[in-house]
Structures are given as structure tokens and as C-alpha cells.
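> Line by line, the protein sequences give chains A and B.
Read in order, the letters of the first sequence are residues 112 to 573 in this note's numbering.
Read in order, the letters of the second sequence are residues 112 to 573 in this note's numbering.
For glycine and all other residues, C-beta sits at the position ideal for the given N, C-alpha and C.
The structure that follows is given in the form of C-alpha cells.
There are 2 protein chains.
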Amino acid sequence: MMEPTRFDLSQDRLPTAWFNIMPSLVQAGIQPLPPLHPGTKEPVTPDLLAPLFPEALIMQEVATDEWIDIPGGILDVYRLWRPSPLHRAVRLEQALRTPARIYYKYEGVSPAGSHKPNTAVAQAFYNKEAGTKRIATETGAGQWGSALAMACSFFGIGCQVLMVKASYEQKPYRRIFMETFGAEVIPSPSPTTQAGKAILEAHPDSTGSLGIAISEAVEVAATSNGAVKYSLGSVLNHVLLHQTVIGLEAKEQMKLAGESDPHIVIGCVGGGSSYAGLAYPFIADRLAGRTQTRFIATEPAACPTLTKGRFAYDLADAAGMTPLLPMYTLGHSFVPAPVHAGGLRYHGDSPSLSLLVKHGHMEARAYTQSEVFDAAVRFAHAEGIIPAPESAHGLKAVIEEADAAREADEERVILVNLSGHGYFDMQAYDDYLNGRLPDFEFDPAAEDAAIADLPDAPSLGG
Amino acid sequence: MMEPTRFDLSQDRLPTAWFNIMPSLVQAGIQPLPPLHPGTKEPVTPDLLAPLFPEALIMQEVATDEWIDIPGGILDVYRLWRPSPLHRAVRLEQALRTPARIYYKYEGVSPAGSHKPNTAVAQAFYNKEAGTKRIATETGAGQWGSALAMACSFFGIGCQVLMVKASYEQKPYRRIFMETFGAEVIPSPSPTTQAGKAILEAHPDSTGSLGIAISEAVEVAATSNGAVKYSLGSVLNHVLLHQTVIGLEAKEQMKLAGESDPHIVIGCVGGGSSYAGLAYPFIADRLAGRTQTRFIATEPAACPTLTKGRFAYDLADAAGMTPLLPMYTLGHSFVPAPVHAGGLRYHGDSPSLSLLVKHGHMEARAYTQSEVFDAAVRFAHAEGIIPAPESAHGLKAVIEEADAAREADEERVILVNLSGHGYFDMQAYDDYLNGRLPDFEFDPAAEDAAIADLPDAPSLGG
């Protein structure tokens with residue numbers, strides 16, 4: 112009898128509530144900081160967000176309950192691919208000659224190929240309930256746009272996607288995916304918004320950034336007289352909340368595997384939603400003192416928000432259409448080099464995840480493109496799956512930790528979020544295989560200039 | 112409590128033997144016909160195949176046992192993605208307003224995105240056991256080449272893929288996928304073989320065909336003095352045998368769903384291996400008189416082997432490197448129009464599947480590209496998954512049968528093989544969405560000219 116290497120949950124064990132990390136933070140003495148109005152610098156009240164989001168999502172954004180029920184209309188769609196599988200990477204362990212036991216939660220089984228539909232479906236559902244007819248959003252690598260396009264199609268809502276130009280050009284298949292689900296896709300910066308026009312006038316060759324694309328999408332909604340709502344694929348509390356189905360399932364699956372408390376939980380961070388989705392149900396145990404699990408967030412060396420950014424109040428977008436968020440940031444006008452991990456090209460991070468790093472509950476590491484693709488190809492040769500460039504950042508840390516376990520001769524248990532597959536990222540692999548993958552350097556000067564005039568985050572509670 | 116829509120098998124229920132249809136055919140009075148030597152027209156003996164295949168595969172090619180054990184080294188790799196899921200397409204049923212219950216077996220969860228690894232892994236394993244260092248093969252859409260590249264990488268075998276030029280140009284991501292697993296990919300017809308050179312001299316603009324690519328790959332192996340073996344992704348008995356894990360799992364899963372005997376089992380046919388893989392464990396029950404399940408094989412109108420071909424002995428390749436096979440064929444020099452379903456651009460069909468059609472146990476239907484992509488997009492809008500163009504042929508038949516069930520007001524149970532996803536086929540969807548998808552017509556004159564000089568198949572047994 113062979114040892115099992117895949118741990119499935121049947122559909123009746125799909126989580127029926129999302130997990131909200133906020134009470135755990137507060138109980139651990141970490142006080143969440145409010146977003147501030149960019150003009151008055153006063154805390155933002157929910158009504159200010161009403162032009163952008165339906166009320167249900169705004170209430171989730173400020174929710175203090177630990178559990179929030181998942182409506183049946185969302186579960187019905189989740190069940191197209193959830194619960195997602197948890198695999199033990201036995202062949203990778205063998206290839207690395209490590210005593211570590213490596214598990215990956217695989218979100219690439221979703222129809223859009225990543226974790227993003229977990230929140231896209233929820234956001235489309237609540238918008239449909241609120242009568243929304245059309246949603247505008249931005250997308251980096253195209254994972255988020257694909258997910259929202261699909262979700263909007265399911266609920267009969269129109270969808271407009273501002274796609275970061277670097278990805279629009281690198282990933283035509285992602286554009287076509289969104290168009291197959293009826294979405295309108297526009298490269299950003301675009302001449303269709305004031306924010307886009309301003310960028311194009313200053314930098315006609317701009318390859319775009321998530322910050323710019325967010326400005327454009329927010330502008331579309333804010334200037335629509337209520338006809339269009341806005342949707343964000345990461346960073347905000349309600350987005351991270353929806354992603355916790357990943358970690359809730361993974362906790363059950365790790366128990367099935369006989370590994371209730373992993374030693375190390377790893378993921379990649381752009382805005383932070385996929386990693387928070389896996390990590391938060393586990394980190395609550397650490398915050399409560401029940402475990403000593405280590406958490407490692409990974410990011411690109413070209414956009415090292417957690418490792419080189421400043422913890423400060425900064426705008427979530429480039430043009431100042433959004434509140435100021437308390438987070439690690441490289442400055443809202445920072446435009447990262449066009450690394451293939453387009454989903455990690457964001458100047459900031461989720462506020463709650465930033466707090467966890469600031470308070471030492473999460474480590475952070477930055478990797479260059481060639482390190483990341485080297486890890487990706489090693490994983491593929493062992494496990495078959497070609498990972499998304501974003502997810503491969505986590506795999507680089509997995510390999511480092513598996514090596515460390517071998518050096519320490521310890522049977523450490525490593526859990527990683529394989530947040531998506533790389534089937535839409537093959538051009539990046541072509542570049543890697545043919546030595547055309549530049550290892551962009553981060554320029555600290557670009558950061559300082561951009562966030563010099565921002566108010567520092569207030570001193571932390573606790 | 113919601114009704115389940117996904118029926119998982121745990122890893123310990125992965126089939127441990129493949130199902131061989133041959134005894135069922137014989138017991139039903141259908142005598143399999145032997146392949147013939149193209150020169151002597153005498154039945155081919157196993158030793159003639161020895162330069163191309165390892166002995167274990169040749170023995171499977173002529174096996175008469177009903178069950179053939181799957182070695183542990185193959186099961187270890189299958190377990191990376193198998194058992195694959197069976198879904199009930201509830202949202203599609205609702206969209207079609209049909210009383211039919213529609214189930215799809217989803218092979219797109221394999222790392223290469225299709226059913227092809229089921230046999231690629233087996234073939235690589237047996238080659239490794241026999242000491243093979245390098246394998247040459249052809250690929251149409253790239254699904255087969257991707258699967259074999261991955262399988263060869265797992266077992267440390269070199270891999271050379273002759274890729275039909277039409278697909279090579281339409282699907283660069285497929286080429287990169289194979290290269291990521293270390294394979295060498297060459298567009299066919301190529302100047303690297305005599306067969307390729309001859310085609311290029313006669314037709315410099317040839318977009319290639321599976322028949323031509325097979326000639327080239329067989330030539331590479333046959334002229335290698337034993338250094339290179341050959342591997343075929345469909346048509347042959349041993350390939351279909353390996354694919355029966357699909358149907359064996361599906362039978363168990365349909366029982367879990369409470370539907371032991373589906374009314375209709377549907378799939379697409381190029382060489383026939385994915386459809387045989389699903390259908391054969393079910394059709395054995397029909398051959399034995401235990402069920403009256405209907406079987407519908409679907410194919411492109413541009414390459415209508417089963418619906419417009421002739422049942423005759425024909426070469427498996429274009430240049431005459433292979434035995435004559437008894438099958439439905441459009442003639443071995445027939446070059447199908449470059450439809451996006453590259454995996455279905457083959458001039459013949461598996462001999463056993465041809466016999467089942469000839470004897471009336473399987474129906475066959477041909478569809479144009481626009482019909483097929485229309486079905487694909489309807490499926491995607493309901494279930495999320497964007498299907499491979501090949502698989503979408505089956506979905507077109509599903510929709511027809513769901514419509515028929517509505518008209519008859521009958522709760523028919525339909526099972527279809529969703530043999531792969533379309534993430535590497537997005538250019539085809541772009542063409543469809545923008546009205547650039549030609550509905551190629553089949554030219555009967557091309558067929559007659561090509562097979563006029565071939566011996567007819569002997570009269571059928573029974």
C-alpha cells in the first residue's frame with residue numbers, strides 16, 4: 112500500500128464561513144490602523160466607500176466578527192473547483208534529498224488558474240445582490256482580471272478590465288481568456304481616463320503598474336454616477352477574508368495528512384491575498400500562543416515592498432483616487448521593472464499582513480527572477496506542474512527551507528501555497544530557457560522620492 | 112445540504128490494472144484484424160516492431176488478456192493527478208434547460224493539461240525499463256508532445272518531438288512547455304528527415320499533418336541503429352489500453368453519483384485514444400448485452416474519418432514507414448485543413464474503434480469549427496473551464512443530446528470526456544471571438560485519390 116500523496120476534501124467539507132483575522136490581531140495586542148482620507152487625513156468612514164463597493168463588502172471590510180458566513184450562491188460556484196487539493200511533493204523531496212515533508216495547496220485547479228476566483232466570485236455575488244450592472248477593475252498578470260471576468264459572466268454583470276500594459280503585451284492569452292468571458296480589456300495606462308492620460312503625457316512609454324491601473328479603474332467607477340462599481344483583487348480586508356477558504360481547507364487537509372501544525376508556511380506576496388488566504392487560519396494559532404509555526408512571505412527583488420519598503424501611510428493607487436493605507440510601501444509612484452510575476456508588481460501590501468511582518472510574526476524574503484524560475488523548473492521536473500511566476504517565489508523559499516532542514520537533519524513540515532499555474536506565462540519560461548530573463552535591480556532612490564511627503568504610520572498599538 | 116456535483120476517488124481507488132477491450136470484441140463476434148506489412152501485405156509479426164518499441168509495449172499491442180497490471184512505477188506518477196475528478200455539469204444543465212443529467216470526466220487536471228500523460232508515462236516507464244536513452248515522437252496540437260516531454264523528463268530519457276507545423280506556429284506556448292521539460296521540438300515537415308525533405312520539395316508551404324510527422328519520427332527511430340525508440344500518442348492498441356484508467360475511474364465515480372449505466376457516452380476522436388479510454392470499460396457492458404448505452408464519437412468536419420472515410424487497410428503515416436492498419440481512413444496522403452483542433456487532424460482511426468463504428472456499436476458525428484467553439488464557449492460560461500478545441504467536439508454532441516432529451520422530456524444521463532483544457536489554445540478562441548474562424552470543407556476528391564490503390568479490409572468476422 113502506497114502512502115497517500117494527495118489529501119482531498121469532499122464537497123460537503125467545503126468551509127461555510129470565512130475567517131476574519133482581525134479579532135486575533137486585537138487579542139494579540141496588535142491594533143489595526145484605519146485607512147485615512149487622502150485630503151483630510153481623517154479615518155475613512157464606510158459611506159466614503161459607497162460609490163465604489165456594495166454595502167455588504169464595505170461591512171466585511173470593517174468587520175470585527177471572527178467568522179462570516181459564506182452565502183449559498185457563492186458556495187454553489189466555489190463547488191465548481193473547491194475544495195482544492197493538497198498534495199505532498201514526494202518527488203520534490205526526493206529530488207532535494209531533504210528530510211523535510213513538503214506540502215502544496217494547489218489553487219491552479221480553479222477555472223481561471225489561480226486563487227483569484229475565491230474573491231472574484233464573492234465580489235460579483237454581492238454586487239449582483241446590490242443591483243450592480245457593471246464592474247471596473249485592474250489586473251497585473253491577468254490572473255485577477257480572468258477571475259473577475261469569469262465571475263461577472265456567471266452572475267450576468269458587465270466587466271471592464273484595465274490591464275497593466277507590460278502584461279497586456281506579454282500575455283495575449285490572458286486578454287483572450289477575459290474576452291472569452293465577455294469582458295472588455297484595455298491596456299493601462301490608457302487614454303480613456305484622466306489618470307491614464309496624465310501618466311501617458313509624462314511617460315509615453317510607460318509599461319504601467321498596478322497602482323496606475325487601480326487609479327484608472329477607480330476613476331471609471333467614481334465618475335460613473337453609480338453606473339459602475341469597482342473591484343479590487345487584493346490588499347483590502349474583505350479580499351483577504353474571502354481567500355481564507357484556502358487556509359481553512361488546508362488545515363483540515365494537513366490533519367488528514369497527520370501534520371496538524373506545520374513548521375513553516377510559505378507563500379508569495381503582491382498585495383498579499385493568496386498568502387494571507389493560506390496563512391491566516393494558521394497564524395491565528397501562533398498569535399494565540401498555541402503554535403510556533405514560522406511564516407515566510409516572498410516577493411520579487413524588483414519590487415521588495417516587505418524587505419525594503421517603509422511602513423507608512425500611502426495611497427493604494429498612483430493618482431490619489433484611494434484612501435491612505437497603513438502598509439509597507441515603496442511609494443505610490445514607484446513603477447516596478449516589468450518582471451514576469453506581474454501579480455507581484457504592486458508598490459504596497461495589505462495592511463494586516465504588513466502589521467504581521469512589522470510585529471515579527473512573518474518573515475519576508477526577496478528573490479530575483481532567475482532564482483525564481485530556477486525553482487519553478489525544479490518543481491516542474493519533480494511534480495509536473497509548471498507554476499505561475501508569482502507562485503514560484505514561494506517555491507524558491509521552499510527549496511531554501513528544505514535545504515536548511517537537510518543541513519539541520521530535521522524532519523520539518525513545510526506548507527506552501529501554489530497559488531496558480533503558469534500555462535499563461537510560457538513566454539516567461541521561454542525567456543528563462545534562452546537566457547533572456549533580466550534580474551532587475553531595485554533602485555532605492557525611486558522609493559525615497561515617492562514616499563517622502565507621506566505621513567508616517569502612527570505608532571503601533573500593543 | 113447541497114447535492115454533490117463532484118465525485119472524487121481517493122488515491123487508494125486508483126485502478127491497478129488497465130482494461131483490454133480485445134476479449135470483449137472477440138466474445139461479441141468481432142474479430143480484430145491484424146496489421147499488414149506494407150510490402151508483403153502479410154500480417155506483421157511482433158519482431159518487425161522491435162526497432163521501434165520496447166518488448167513490453169509490443170506484447171501489450173497483441174495482448175489477449177482482459178486485464179493488464181499497472182506497474183508501481185507508473186502508479187507513482189499517475190498519483191500526481193489521478194484519480195481525476197468527475198463533475199456533474201449542473202450549471203450547464205440549467206443553461207440548456209434540459210432534463211438530462213450531464214457528467215464530465217475531466218482529464219485537464221493532469222500537469223500537461225490532457226489525458227495524454229496516461230500513456231506517455233506508461234510508455235516512458237517501459238522504455239526506461241528496456242534501457243532506452245532517447246525517444247522520438249510526433250505531436251499535433253502539442254498535447255501529446257507535452258505529455259511525452261514531461262514523462263521522459265520524469266524517467267530521465269531524452270525526447271525529440273516533430274510538431275505539425277500548423278500547430279507549431281499557432282501554439283508557441285506548447286513548444287515552450289515541451290522545452291521546459293527538456294525536449295527538442297522541430298516543426299514538421301522538417302529538413303532533418305528524408306520523409307520531411309520529400310514533402311517540402313513537393314509542397315514547400317505544407318502546414319504538415321500528423322501522418323507526415325509520424326513518418327519523420329518513425330524514420331528518426333528506424334534509422335538510429337537502436338539509439339532512439341519511437342512513441343505514438345494514439346491509434347495503437349497499447350495506447351488505448353493505457354487510457355482505460357479514465358473509464359475505469361469514471362465507472363466507479365458514476366456509481367458514486369448513483370448513475371451506474373449512463374444512456375450516452377460521448378467523446379472526440381482523432382486517433383481515438385481519449386474516447387476509447389473513457390468508452391471501452393462501458394462499451395464492454397454493451398458488447399456483452401448487459402446495457403444499451405449509446406456511444407457517440409465526434410470529429411471535425413474538416414477531417415471526417417469516421418463519417419466520410421472508407422474502412423480499409425491504410426498506412427498509419429504519410430511516407431509508408433508503418434504497417435497497414437485496418438481502419439476508417441481518408442487516405443494516408445490526405446492533409447486536413449489547419450483546424451485548431453490539431454489533435455484531431457489524423458487521416459485514420461484506431462482499428463478497434465473503427466471496428467466498433469463499423470459494427471454499429473458507436474455512432475459518429477462531424478462538426479465544423481464554429482459549431483464546436485460555440486459549444487465550447489457555452490460550456491465555459493456555465494462551468495468556467497475553457498475546453499481544448501478537441502474536447503469541445505464532444506461538448507457539441509452533449510448539447511445536441513441535452514436538447515434531444517428536452518424535446519423527448521426524458522431524464523437521460525450523458526457522460527462526456529473533457530479530455531483537456533484550452534489554456535494553450537487561446538489564439539483559437541481569439542479567432543472565434545473575432546470572426547476569423549473558417550469552417551473548412553472536406554474535399555472528397557482528396558480522399559479518393561489517396562486510398563484508391565489500397566487493399567480493402569478483409570470481410571469482417573462474426
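#1: Give every residue of the same chain whose Cβ lies closer than 7 Å to the Cβ of A:LEU565, excluding the five residues on either side of it in the sequence, and list them in chain order.
#2: Check whether the Cβ atoms of B:TYR214 and B:PRO165 lie closer than 8 Å to each other.
#3: Please name the residue or residues paired with A:LYS340 in a DSSP beta bridge.
#4: What residues from chain B crowd round A:MET261, counting only those whose CB sits closer than 7 Å?
#5: From what residue to what residue does the alpha helix (DSSP H) around B:LYS366 run?
#6: Less than 8 Å between the beta carbons of A:ILE375 and A:ASN528, yes or no?
#7: Can you tell me whether B:LYS282 is helix, strand or coil according to DSSP?
#8: Does B:PHE266 get closer than 8 Å to chain A when you measure Cβ to Cβ?
#9: Could you work out which residue in A:ALA241, A:ALA206, A:GLU204, A:TYR189 is closest to A:ALA223 when comparing CA atoms only?
#10: Which complete alpha helix (DSSP H) runs does the stretch 538-562 of chain B hold, if anything under 4 residues is left out?
#11: By Cβ distance below 7 Å, which residues in the same chain neighbour B:THR303 in space, the five residues on each side in sequence not counted?
#12: Give me the subset of the stretch 116-147 of chain A whose CB atoms are less than 8 Å from a CB atom of chain B, sorted by chain position.
#13: DSSP three-state label for B:SER299, please.
#14: Does chain B have any CB closer than 8 Å to the CB of A:VAL272?
#15: Just how far apart, CA to CA, sit A:ALA387 and B:LEU506?
#16: Once DSSP output is grouped into helix, strand and coil, what is the label at A:VAL403?
#17: Smallest Cα separation from A:THR127: which of A:LEU144, A:ARG193, A:LEU136?
#18: Could you check whether A:ARG476 and A:THR416 sit closer than 8 Å to each other, using their CB atoms as the reference points?
#19: Using a C-beta to C-beta distance shorter than 8 Å, which residues of chain A count as neighbours of B:ILE287?
#20: Under 8 Å: do the stretch 332-349 of chain A and the stretch 360-376 of chain A share three or more Cβ pairs, one atom per stretch?
#21: How should B:MET113 be labelled, buried or exposed, when 16 other C-beta atoms within 10 angstroms of its C-beta is the threshold for buried?
#22: If you draw a straight line from the C-alpha of A:LEU497 to the C-alpha of A:ARG208, how long is it?
#23: Using 8 Å for Cβ pairs, my map puts A:ALA235 next to A:PHE266. What's the rounded Cβ distance?
#24: Note down, one range per segment and in chain order, each beta strand (DSSP E) of at least 3 residues found wholly within the stretch 430-456 of chain B.
#25: In chain order, what residues of the same chain have a beta carbon less than 6 Å from the beta carbon of B:ARG245, not counting five sequence neighbours either side?
#26: Helix or strand or just coil, what does DSSP make of A:TYR237?
#27: Could you pull out every unbroken alpha helix (DSSP H) segment of at least 4 residues lying fully inside the stretch 474-550 of chain A, listed in chain order?
#28: Would you report the Cα separation of B:ALA200 and B:GLY546, rounded to the nearest angstrom?
#29: So is A:SER257 buried or exposed if we call it buried at 16+ other beta carbons inside 10 Å?
#30: If distances are taken between C-alpha atoms only, which option among B:MET261, B:VAL232, B:GLY251, B:ALA260 comes closest to B:GLY322?
#31: Classify A:SER342: buried if its beta carbon has 16 or more other beta carbons within 10 angstroms, exposed otherwise.
#32: Buried or exposed: A:SER121, going by 16 or more other Cβ atoms within 10 Å of its Cβ?
#33: At a CB distance below 8 Å, what residues from the stretch 479-493 of chain B approach chain A? Give them in sequence order.
#34: Might you give, ordered along the chain, the residues of its own chain that have their beta carbon closer than 7 Å to the beta carbon of B:GLY64, omitting 5 neighbours on each side?
#35: For A:GLY534 and chain B, any beta-carbon pair shorter than 8 Å?
#36: Measure from the alpha carbon of A:GLU512 to the alpha carbon of each residue in A:SER502, A:ARG523, A:HIS504, A:LYS282, then state which is nearest.
Once the coordinates are examined:
#1: ALA423, TYR424, ASP425
#2: no
#3: A:ILE246
#4: GLY495
#5: 348-367
#6: no
#7: coil
#8: no
#9: A:TYR189
#10: 555-562
#11: ILE297
#12: THR116, ARG117, ASP119, SER121, GLN122, ASP123
#13: strand
#14: no
#15: 38 Å
#16: The amino acid occupying residue 403 of chain A in the given sequence is Gln; Val does not appear at that position. If DSSP states are grouped into helix, strand and coil, A:GLN403 belongs with coil.
#17: A:ARG193
#18: no
#19: MET537, GLN538, TYR540, ASP541, LEU544
#20: no
#21: exposed
#22: In the sequence as presented, Leu is not what sits at residue 497 of chain A; that position holds Ile. Distance between the alpha carbons of A:ILE497 and A:ARG208 is about 21 Å.
#23: 5 Å
#24: 435-440
#25: GLY269, VAL339
#26: helix
#27: 480-494, 500-519, 537-544
#28: 28 Å
#29: buried
#30: B:GLY251
#31: buried
#32: exposed
#33: VAL488, ALA491, HIS492
#34: This structure does not reach residue 64 of chain B, given that chain B is present from 112 up to 573, and the question cannot be answered.
#35: What sits at residue 534 of chain A in the sequence shown is Tyr, not Gly. Yes, A:TYR534 lies at the interface with chain B (some Cβ there is under 8 Å from its Cβ).
#36: A:ARG523
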